[in-house]
Amino acid sequence: MDVHETIAVRLIGEVRVVHRGHVVHPRVVGGARCVEVLAYLAVNRNREIPHDELAGLLWPTNRPQSWYAALRGILSRVRDTMELASIPAGSVRSRGGYVRLSLPDGLVTDIELVRRYCAPSGGDLTTAVADARRALAITAEPALVGAAEAWADKVRAEVEQLRRRAFEIDASGSLVLGEPGRAIASAEGLLALDPLYESAYRTVMSGYLSLGERGQALQAAARCRQVLDEELGVTPSAETEALYLQILRAGEPGPTAPRQPADGDDFVGRGSELQIITDAVGRADRGRGQFVVVTGEAGSGKTTIALEIANRARAAGAHVLFGRCSDEAVVPLEPFVEAVGRELDALGMSKAREWLRHNGTDILRLVPNVARRLGETAPARPEVDERAVIMTAVLDWLTSSIRSGPTVLVIDDLHWSSAATLAVLRYLIHASEQSRLCVVATVRDEHADDADLRATLSAPSRTSGVQRLHLGALSLAEVGALVDAAGTTLDPTTLYERTHGLPLFVVSLINSNESGSVETFPASVAESVAQRERLLPPAALALLQLCSVVGMVAPRLVLRTVADDLDDVAFADALDVLVRNRLVTETPSGAEIRLRHPLVQEAVYAGITGRRRSQMHTRVALLTEHLGSASAAEDYSRLAYHFSRGLDSERPRAAEFSRRAGDSAMSIGAYEDAVVFYTRATEQLVPRGDSAPRCRVLVDLGRAQRKARDPAFRPTLLGAVAMAKRLGDNELQVTATLANDQPGTLYIHIHHDQERVDTLYDALHVLESGGHGDGPATALLLAQLAIELVWVADSRALRDLLTRSIGSARVCGDRDALVAALSAVLVVLRVPSCVDLRRAAYGELMGLLDESPSRRIDSLMSVWIARNQIEYGHLAAAAITRSTLTAVRVSRDPELAWLVSNIDFSIDLAAGRLQRCDAKFDALRDIPASPSVTYSYGRLLGQLIALRALRGDMSEIVAAAEGITERFDVVPIYRALLATAHVDVGDVDAAVELVGWYDRRRIAEIPVNNLWLGTMAAIGRVAAQVGNTEVCAMIYDLLADYAGENTISWASVYGVVDHHLAELAIALSRYDQAATHLDDAFAEHERRGFMGWFAETAYLAALLETRRDGQPSDANIARAQLLADDVGATAVRRRIDALATT
29 MDVHETIAVR LIGEVRVVHR GHVVHPRVVG GARCVEVLAY LAVNRNREIP HDELAGLLWP
89 TNRPQSWYAA LRGILSRVRD TMELASIPAG SVRSRGGYVR LSLPDGLVTD IELVRRYCAP
149 SGGDLTTAVA DARRALAITA EPALVGAAEA WADKVRAEVE QLRRRAFEID ASGSLVLGEP
209 GRAIASAEGL LALDPLYESA YRTVMSGYLS LGERGQALQA AARCRQVLDE ELGVTPSAET
269 EALYLQILRA GEPGPTAPRQ PADGDDFVGR GSELQIITDA VGRADRGRGQ FVVVTGEAGS
329 GKTTIALEIA NRARAAGAHV LFGRCSDEAV VPLEPFVEAV GRELDALGMS KAREWLRHNG
389 TDILRLVPNV ARRLGETAPA RPEVDERAVI MTAVLDWLTS SIRSGPTVLV IDDLHWSSAA
449 TLAVLRYLIH ASEQSRLCVV ATVRDEHADD ADLRATLSAP SRTSGVQRLH LGALSLAEVG
509 ALVDAAGTTL DPTTLYERTH GLPLFVVSLI NSNESGSVET FPASVAESVA QRERLLPPAA
569 LALLQLCSVV GMVAPRLVLR TVADDLDDVA FADALDVLVR NRLVTETPSG AEIRLRHPLV
629 QEAVYAGITG RRRSQMHTRV ALLTEHLGSA SAAEDYSRLA YHFSRGLDSE RPRAAEFSRR
689 AGDSAMSIGA YEDAVVFYTR ATEQLVPRGD SAPRCRVLVD LGRAQRKARD PAFRPTLLGA
749 VAMAKRLGDN ELQVTATLAN DQPGTLYIHI HHDQERVDTL YDALHVLESG GHGDGPATAL
809 LLAQLAIELV WVADSRALRD LLTRSIGSAR VCGDRDALVA ALSAVLVVLR VPSCVDLRRA
869 AYGELMGLLD ESPSRRIDSL MSVWIARNQI EYGHLAAAAI TRSTLTAVRV SRDPELAWLV
929 SNIDFSIDLA AGRLQRCDAK FDALRDIPAS PSVTYSYGRL LGQLIALRAL RGDMSEIVAA
989 AEGITERFDV VPIYRALLAT AHVDVGDVDA AVELVGWYDR RRIAEIPVNN LWLGTMAAIG
1049 RVAAQVGNTE VCAMIYDLLA DYAGENTISW ASVYGVVDHH LAELAIALSR YDQAATHLDD
1109 AFAEHERRGF MGWFAETAYL AALLETRRDG QPSDANIARA QLLADDVGAT AVRRRIDALA
1169 TT
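Each residue of the sequence shown is one higher than the one before, counting from 29 in the working numbering.
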């Protein structure tokens, strides 16, 4: 049997039950206490555990009086967890005051299996090593995540000891079996757990000696000596000293060959960090995605360790991708562009096309230059949200099933990433948790507190697989190992004191010494670079400065073209000098030249005078443009960067390329980066005053800001409208006005923007005056105007606006305009008098969308479609619509995500899955900030009332009475809702007073808007409950025309109108009418699947019998109780039980 099939209960990592393909998390099933009890039972499954012992575990102090009943409930959840994993129900047996967990034959916990793997074995060494490696794989995460008591600490200590034993077996056995690399890795893992484990140092030394890495072996010996001396005050054992002498003798025979310049610096130390990252890659290989952040000051070796990990992972069979972020330019999604582009190039033509056939070609949107080289075409279809397409493409590419092993994505210098890059990375981290992807990112300490970067590094949406490593200075022994490996005469102690162990500074001084440039020890990396610069020939110095202007990575073709004062030989000689002096490296293909480190670039760039620097930037930009290769976002952004830092005479070109870069960024969903580019374009444009080009850029900027959820979009676009009017440019005025449409939850919140309304009327006037009153722009403007006026205009005016909008769209035959007009009907016309129009609009809209199944529907439109489907009782259809709103489509917009969570809540509420609703409602309490409006009072009151009408009580609403009362004049339904809450908690007198305020005039003055029907139902319901027959009669007459409709607070169902008519008729003693309404209400609630309200209607049936016959029948009470219990309608059950006792 496979190891994974043997383990039934996983106690290492997050506690979970796994069996026959099921993975069940007890935290999800029963919460934290279910985790605690299941873990305790599993650890102690070989004995009967007294109930009292479990109670002591759960309630070490203040044990509740009803603890036994509570414990039985927790054990029931534990049984549910096991059953959900298809493990027999009898696995958790409780009898005679004891409980025991039993697993079917052949199944064990992971800790039991690790004990078996680490136990002394009489078998051969190969088997022992294989078992140890299995144990290491299982114990890669902490044990009992989520269990916090002292007993769990003892189990964790045992697991850690077992892991040490597994490392020891693997390290020593691998060395004997001729696998020195593996031996070193396991020995370093052991040392990470126990730095005083001397035999592990000997394994590391022997492993490096077997590999011929004498310098690394000596460094391990030095580390051993230092640790033993500092921690214990002792010297290494005779066995370790003998091995050290053997290593020294190994380097004595014969002269050594001259040392050749290497692409990377000699790698020493960092054993524990390497092991941690190596373990993370291993976990990713087992389907547990990882995110590792390596931090440290500039020059601490972050890139070096990342490259070392990349090399090791590649050698072990992983797919390794590398991308970096540039300081010199904002390149949209730069690390993903570089990583994916290089991988596609490396795959070769045929294999790349095979991968594209498997994964889809959306990824080519990111790398159009590579697409051209492959002879492929990136999909050109317009998307509502390009970000969602790109994020999905990146995730699918990196986690594709076509990959044969784990994937390691290294992102270097993440602190220089753009906002859009961080947004995509955040989604990637969230969505890859259950994948074979390991992301390793390097970050400078000085930038780690940036808010956007910090939000990414904390990975708040991940429950596991996140690690953060900090690289400190090298030790004296490690500096000595570098000196020894370099074969230099520098004194390690002096070098350590001068550099404080900063790796780049150490290497820089070693390189300076090799080049003969050490006049005196420099005080910094910059000074060290300056010393080497002074010794360079003029041609080499000029080429180095050119590299610093172009960037960290410079295409050789660009360098050769710009350095046209050098012939080919002189250029090659100058480049060779820079390579020998370890200032630059060449890529294996020779197509690119890389500076050794960003600090080298900064030092060289700072040494160029301002005027000459501007000239060089301009020359680089002009010749790059002349080469004709600029066609992607990365090309335009770099050209914009060089022109913007170039001569003032090139400002128009800087503005033009900034605009193009913004357009390209928008095309791949890098909205935040587009904001940066368009902003630069507005700053670079000449002349400074009003102009059509400036107005167009402002419109583009406003659109990008809106997509990026930047609240500045509104003033930007209003400014563009004003500028267009001053210019007399009607087309620009209409374009700017249409770009300024409402976002997010404003659609469901009482909000009115008079300035925005005025711009819409102005734009309509411009079109109608110009004879364009029936075009698509008119249709869109009318639809937007109706949405803006939804809370201030009467329903007839709104209906007229939308009828005109639909008519204009039909006349011009513009499908998109018609879709916008029809969808606006769903948003705006939710008044009873427009029921037929809204139903017709919904049917036509769904028909149009069904005609183009490949068309991606706007996310907000999908929310409104789902909301209407809930109202109509099409709950299955609503769930399907909701399923299209995937995480990738909503993750970047908190408002949209909140609306989608509302839909989830409302579907469950409508269907009567009320227990789920409690947790979902609590999640809704975290209301996101709007980019335009900060007012959010009452946004959850409708949902809360709808839920508490069926489940729980309304004490929370009563507690908020002061704030609700202050807003009676703003939102008329608030008075009725507060009165309902008072009735619910038993304060009938307060409810009577509130309901007594209503009279015919006041009811007639309530606006007939989207809240009207719900307001009438709420007033009628509470009036019936307090016996105010005068109000009941008025409301009955108003609602009678709308029997068969549904009352709903945005998406939260509040029962069909027939239900409320029945309650009013009962209060009015119109029992025959009540019976008829009840029959209709039962039928409608059952047809629509509103099972919570079906139970509430059953309560009304019992209430009717009580009022008409003096008491309810036992059959009706029993039926109502059963229906309420089935859906968890505790508030309904409370009312039914009150009837039963009367």
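Cβ coordinates follow ideal geometry from the N, Cα and C atoms, glycine included.
CB contact flag (residue i, residue j, <8 Å)
i	j	result
Leu530	Ser300	no
Ala764	Leu745	yes
Ala767	Val725	no
Ile955	Ile898	no
Lys330	Val322	yes
Ala752	Leu760	yes
Leu808	Leu817	no
Arg192	Asp222	yes
Val43	Val65	no
Ser227	Pro208	no
Val232	Gly201	no
CA-to-CA distance, residue j to residue i, given in whole angstroms
i	j	result
Ser94	Gly101	11 Å
Val762	Trp383	45 Å
Ala649	Ala689	14 Å
Leu456	Ser929	21 Å
Pro132	Arg340	41 Å
Gln495	Val173	15 Å
His800	Ala849	17 Å
Tyr963	Ala748	Only weak support is given to the placement of Tyr963: the predicted model assigns it a pLDDT of 49, under 50, and the value that follows is read from those uncertain coordinates. When rounded, the distance between both Cα atoms is 26 Å.
Ala905	Thr1008	32 Å
Ala326	Arg624	13 Å
Leu611	Arg314	40 Å
Ala1130	Ala1061	22 Å
Arg162	Val142	8 Å
Ala868	Val891	18 Å
Val1072	Glu1114	Val is not the amino acid found at residue 1072; the sequence shown has Gly there. Going by the C-alpha atoms only, they are around 13 Å apart.
Thr1172	Asp1086	This structure cannot speak to residue 1172, because the chain is shown only from 29 to 1170.
Ala147	Ile35	18 Å
His1088	Ala1045	6 Å
Ala83	Thr167	29 Å
Candidates the options, of which the one nearest residue i by Cα
i	options	result
Ala215	Asp198, Glu207, Val204 and Arg253	Asp198
Val120	Arg832, Tyr96, Asp1153 and Glu76	Glu76
Leu1128	Ala158, Gly1117, Ala619 and Leu1151	Leu1151
Glu555	Ala567, Asn539 and Val157	Asn539
Leu190	Asp921, Asp844, Gly217 and Ile636	Gly217
Val71	Lys182, Ala147 and Met110	Lys182
Asp981	Thr1075, Leu1167, Leu1005 and Arg562	Leu1005
Asp1100	Ile1034, Leu1067, Arg1135 and Val1084	Arg1135
Same chain, Cβ closer than 7 Å to residue i, neighbours up to 5 away in sequence not counted
i	result
Ala740	Gln733
Ala582	Cys575, Glu620 and Ile621
Residues near residue i in its chain [Cβ-Cβ closer than 6 Å; skip 5 each side]
i	result
Ala220	Ser300 and Gln303
Arg48	Ser114
Contacting residues, own chain, Cβ-Cβ under 8 Å from residue i (five flanking each side not counted)
i	result
Glu414	Arg393, Met694, Ser695, Ile696 and Gly697
Glu404	Arg381, Leu384, Thr389 and Leu392
Practice item. Report yes or no: do the region 1085-1097 and the region 984-997 share at least 3 C-beta pairs separated by less than 8 Å? Key: no
Point to revise | Inter-stretch contact (C-beta, 8 Å, three-pair minimum) for the region 366-378 and the region 708-720 | key: no
Point to revise | At least 3 beta-carbon pairs within less than 8 Å: the region 1019-1026 vs the region 1040-1056 | key: yes
Practice item. Assess, as a yes-or-no matter, whether the region 434-447 is touched by the region 476-490 under the definition of 3 or more beta carbon pairs within less than 8 Å. Key: yes
**Study point:** Segment contact flag, the region 1131-1142 with the region 1107-1115, C-beta cutoff 8 Å, min 3 pairs
**Key:** no
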